[in-house]
Amino acid sequence: MFVGERPAPATNGGWFIPPVVTIIIPMTLPALMGHVTGSAARTLLVVGYATYGMGMLLFLLTFTLLYGRLVLHALPPAPLAPTLWIVLGPVGVGAAALITLASVSAPYFGDAADTVSAISLMGATALWGFGLFWIAIATTLLVRYLRKGGVPFHLGWWAFTFPLGAYTVATITLARAWQSMALEVVGALLYLGLVTFWVTVTSRTIGATRKGAIWRR
273 MFVGERPAPA TNGGWFIPPV VTIIIPMTLP ALMGHVTGSA ARTLLVVGYA TYGMGMLLFL
333 LTFTLLYGRL VLHALPPAPL APTLWIVLGP VGVGAAALIT LASVSAPYFG DAADTVSAIS
393 LMGATALWGF GLFWIAIATT LLVRYLRKGG VPFHLGWWAF TFPLGAYTVA TITLARAWQS
453 MALEVVGALL YLGLVTFWVT VTSRTIGATR KGAIWRR
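Okay, so the sequence shown: first residue is 273 according to the working numbering, each after it adds one.
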C-alpha cells in the first residue's frame with residue numbers, strides 16, 4: 273500500500289483480509305469483559321469501537337476500489353474468482369460485531385443503552401442487507417466463470433467458505449436479535465450452502481494433496 277503504482281485490474285478480494293482482522297477484535301470482548309471492571313473495561317470498549325471503525329472504513333475504501341474495478345474493467349482471471357466472496361467476511365463480521373459491541377457496552381451507557389442497542393441493530397441489519405446483494409453478485413459471477421471454463425482449484429478456494437461462514441453467523445445473530453423466523457430460515461439456507469462449499473473444498477483439497485498437485489503453480 274502506498275509503495276508503488278498498481279494497475280486497477282490488479283485489485284482483488286484478497287485486499288479485504290487486513291480490514292477483517294481489525295473488525296474481528298470486538299468479537300473477543302465478551303470473553304474479556306467478564307474479567308475486568310471500571311476503567312479497564314471502558315478502555316476495552318474504546319479499543320473495540322476504535323478497531324471496528326478502523327476496519328469498517330478500510331473495508332469501505334477498499335470495496336470502492338474493487339467495485340470500480342469490476343464496473344470499468346474485464347472480470348478478474350478465473351483463479352481469482354473465489355476472492356470475490358471475501359467481501360462477505362467484513363460484512364458478516366461487521367454486522368455481528370456491531371451487535372456484540374452494543375451488548376457488552378450496555379452497562380456503561382446507562383439510560384442510553386437501549387438507544388445504542390436499537391441503533392446498532394438497525395446498522396447491523398443494513399450492513400447485512402448489503403451482504404444479500406453481494407451474494408447475488410458473487411453467485412452470478414461464479415456461474416459465469418463456470419460457464420466459461422470453470423475455476424481451477426487452488427488453496428484460494430477456501431475463500432468460498434470462511435466469509436460465507438461469517439455472514440451465516442451474522443444472519444443467525446440478527447435472527448435472534450429480531451426474534452425473526454424468516455431470518456432463521458435464511459440462516460439455515462446459508463448454513464446448508466456453507467456446508468456444501470466446505471465439503472466440496474475439503475474434498476478437493478484432500479484430493480489435490482494426495483496427487484501432489486496442490487503446491488504446483
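Every residue gets a Cβ at the ideal spot worked out from N, C-alpha and C, and that includes glycine.
Contacts around residue i, its chain only, beta-carbon distance under 8 Å, and the 5 residues preceding and following it disregarded
i      : result
His345 : Ala280, Pro281
Ala410 : Leu356, Trp357, Val359, Leu360
Cut-off 6 Å between Cβ atoms - residues of its own chain near residue i, not counting five sequence neighbours on either side
i      : result
Pro435 : Trp357, Ile358, Leu360, Gly361
Thr294 : Thr323, Met326, Gly327
Leu337 : Thr283
Burial state of residue i (16 or more Cβ within 10 Å)
i      : result
Ala408 : exposed
Phe432 : buried
Gly401 : exposed
Leu329 : exposed
Phe335 : buried
Pro349 : exposed
Gly285 : buried
Residue i versus residue j: straight-line alpha-carbon distance, rounded
i      : j      : result
Ala460 : Phe469 : 14 Å
Tyr439 : Gly403 : 8 Å
Gly428 : Gly340 : 23 Å
Ala378 : Trp450 : 17 Å
Lys420 : Ala398 : 34 Å
Ala367 : Val388 : 14 Å
Val363 : Lys483 : 36 Å
Pro424 : Thr315 : 47 Å
Inset, instruction - Pick out the complete alpha helix (DSSP H) segments inside the segment 383 to 425, 4 residues or longer, and give them in chain order. - result: Complete alpha helix (DSSP H) runs here, min 4: 385 to 419.
Inset, instruction - Examine the Cβ distances between the segment 364 to 382 and the segment 300 to 307 and report whether three or more of them are shorter than 8 Å. - result: Output reads yes: the segment 300 to 307 touches the segment 364 to 382.
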